[in-house]
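Just below is one structure, and these are the notes that go with it.
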Amino acid sequence: MTRGQFLTAMAFAPFVRGTSSGVNAQRLRQRLEELSLHGRPTGGIFADGVSRVAFSDADVAGRALVMRWMREAGLNPRIDAAGNILGSRAGSDAKLEPVLFGSHIDSVPSGGNFDGDLGSLSAIEAIEVLNAARETTRRPLEVVVWTNEEGVAYNNGLFGSRAAAGLLDKGEMDHVWNGVSQRDALRKIGGDPDKIGSARRGPFRAYLELHIEQGGNLDRQKIPVGVVEGIVGIDRFDVEIRGFANHAGTTPMPDRQDALIAASELTIAVNQIVRREPGRQVGTVGHIDVIPNAPNVIPGLVRLTVELRDLDKAKVARLGREIQDRAQKIATETKTAVVFTPASHHEPALADPKLQTVIEQASAKLGLKSMRLPSGAGHDAQSMAHIGPMAMIFIPSVNGISHSPKELSRWEDCANGAAVLLESVRILAA
Ligand SMILES: [Zn+2]
0 MTRGQFLTAM AFAPFVRGTS SGVNAQRLRQ RLEELSLHGR PTGGIFADGV
50 SRVAFSDADV AGRALVMRWM REAGLNPRID AAGNILGSRA GSDAKLEPVL
100 FGSHIDSVPS GGNFDGDLGS LSAIEAIEVL NAARETTRRP LEVVVWTNEE
150 GVAYNNGLFG SRAAAGLLDK GEMDHVWNGV SQRDALRKIG GDPDKIGSAR
200 RGPFRAYLEL HIEQGGNLDR QKIPVGVVEG IVGIDRFDVE IRGFANHAGT
250 TPMPDRQDAL IAASELTIAV NQIVRREPGR QVGTVGHIDV IPNAPNVIPG
300 LVRLTVELRD LDKAKVARLG REIQDRAQKI ATETKTAVVF TPASHHEPAL
350 ADPKLQTVIE QASAKLGLKS MRLPSGAGHD AQSMAHIGPM AMIFIPSVNG
400 ISHSPKELSR WEDCANGAAV LLESVRILAA
């Protein structure tokens, strides 16, 4: 989409003042636009996206703005030791576990203005609506904006939610990125690295997160609400293929041990093996190094990555084995050696089935069609799944684009998502 098309899409986007749930679509839009100023390229417009990497000055400014809005909504925001921003609204029964909901506001470099921001500002919008209606829920409510979801800083995401779930790695406070330790970065945003254990949170009735889909399923099928079944598990392998580097002019074809031929066949095999059965599993060879990478030398060594994702961890494991078996056959045929080393393993995080039903009920009440789908991207909700029931609401991403300035969701869909979040909170907090 060009900037012109983007502006046209914005101008003709249905102008929704309020929905049956009371969500103020105009306020939500204005806040998304105002937040987008923090990290916007100099001289740019909304459609130029945002660079609000966690712990940057733009992040600090964005967090201050969000805390101002939380204060205005009576949420009395506080910052926990991990830098997470939390704000509570009392329920009529203080003894009950709260309903927790929110998202993040950090971005990737040259990211979009909806990833994270929508869920964070919709959470505040939900509180505004309840305030305006003088509506007291039975359970307490808690809004959260997590620290460093994207993990651009320190190359490790979901920081705040992992701290809340007790999933931080040993020594993580000492990691250094851009010359600054994680410890000092946390201090910059008001966290307390010396008391990081205190960020572990107590029980909650449910964790809900509204987010853009970041894929094209909802947009393609024109369905306004996605009910997330879970966040896919990811298995990543580092693969080394050893052949023999030799003269590209003097080595006859039958005598070659070309590591790049083996790598090419393996890349095709990953695609074939992943595609030959039904399901939403995906597999990717996304990184490759060819050594020595010279025009007149037969490639002697190739390093590449294989990544597999699905909600079903048994399927991910089986696909990984099948790919490794095929790799050994390729090695024999090409007279190379192929070695797979597991690089990382992330378990799938399943959404709570009852909470999925609640989101479906909330959508139906608002007259919005919904469909269930997995999340191919990681989210803070997967940390929360370790310590309590979680669920996520997706809204369409135009053309499925995300982590790009071209990331776009229609304002109407944003407001609908906020309304579904609010209705789900109402049901769960009753
Ligand atoms: Zn996100």
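FYI, numbering that gives the first Met the number 0 numbers position 189 of the sequence shown as 188, with every residue one higher than the one before it. Beta carbons: idealized from backbone N, C-alpha and C, even for Gly. Quantities reported herein were computed from a predicted structural model and do not represent experimental measurements.
Contact between the region 82–92 and the region 61–69 is present: three or more C-beta pairs spanning the two stretches fall below 8 Å. For ligand 1, residues qualifying as neighbours are D114, G115, where qualification means a beta carbon closer than 5 Å to at least one of its heavy atoms (chain order).
The shortest CA-to-CA distance from F339 to any of G416, D237, R371 is the one to D237. Using a Cβ-Cβ distance cut-off of 8 Å, the region 340–360 and the region 169–184 are not in contact, since fewer than three pairs of beta carbons, one from each stretch, lie closer than that value.
When DSSP states are grouped into helix, strand and coil, E141 belongs to the strand group.
If you look at A244, you'll find it isn't in any beta strand (DSSP E); DSSP assigns it neither H nor E. Annotation: V22 to Q271 spans about 46 Å, alpha carbon to alpha carbon. By the Cβ-count criterion, P97 is buried, with 16 or more other Cβ atoms from all chains shown falling within 10 Å of its own Cβ. Collapsing the DSSP output to three states places T340 in a strand.
In the three-state reduction of the DSSP assignment, V315 falls in the helix class. In this structure the region 124–142 does not lie against the region 391–405, because fewer than three pairs of beta carbons, one per stretch, are closer than 8 Å. Cβ neighbours of V224 within its own chain (closer than 6 Å, five residues either side excluded): S362, L367, S369, V419.
Less than 8 Å divides the Cβ of E208 from the Cβ of H378.
With at least 16 other beta carbons inside 10 angstroms of its own, E264 counts as buried. Within the DSSP secondary-structure output, W176 pairs in a beta bridge with V179. Between the region 91–111 and the region 194–206 there are three or more C-beta pairs closer than 8 Å, enough to call the two in contact. Assignment of beta-bridge partners to H210 by DSSP yields F393.
When C-beta atoms of the region 248–268 are compared with those of the region 149–165, fewer than three pairs fall below 8 Å, so the two segments do not count as touching. P373 has G229 as its beta-bridge partners, per DSSP.
For the 8 Å CB-CB criterion, G38 and S91 do not form a contact. Non-local beta-carbon contacts of A330 in its own chain, meaning distances under 7 Å to residues more than five positions away in sequence, involve A261, A336, V337 in chain order. Excluding sequence positions up to five before and after R51, its CB lies within less than 8 Å of the CB of H37, G38, A57, D58, G61, I104, D105, S106, G110, all in the same chain and listed in chain order.
Distance from A244 to V289 at the Cβ level is roughly 10 Å; contact not present, criterion being Cβ atoms closer than 8 Å. Counting other Cβ atoms within 10 Å of its Cβ, S35 reaches 16 or more and is therefore classed as buried. If only complete runs of 4 or more residues are kept, the region 73–141 shows the alpha helix (DSSP H) at 116–131, in order along the chain. Around the CB of T333, 16 or more other CB atoms lie within 10 Å, so the residue is classed as buried.
Taking A72 as the centre and dropping the five residues before and after it, the same chain places the C-beta of I123, I126, E127, N130 closer than 7 Å to its C-beta, in chain order. Excluding residues up to 5 positions away in sequence, A164 lie with their Cβ nearer than 7 Å to the Cβ of I386 in the same chain. Excluding five sequence positions before and after H286, the CB atoms of its chain that fall closer than 7 Å to its own CB belong to L303, T304, given in chain order.
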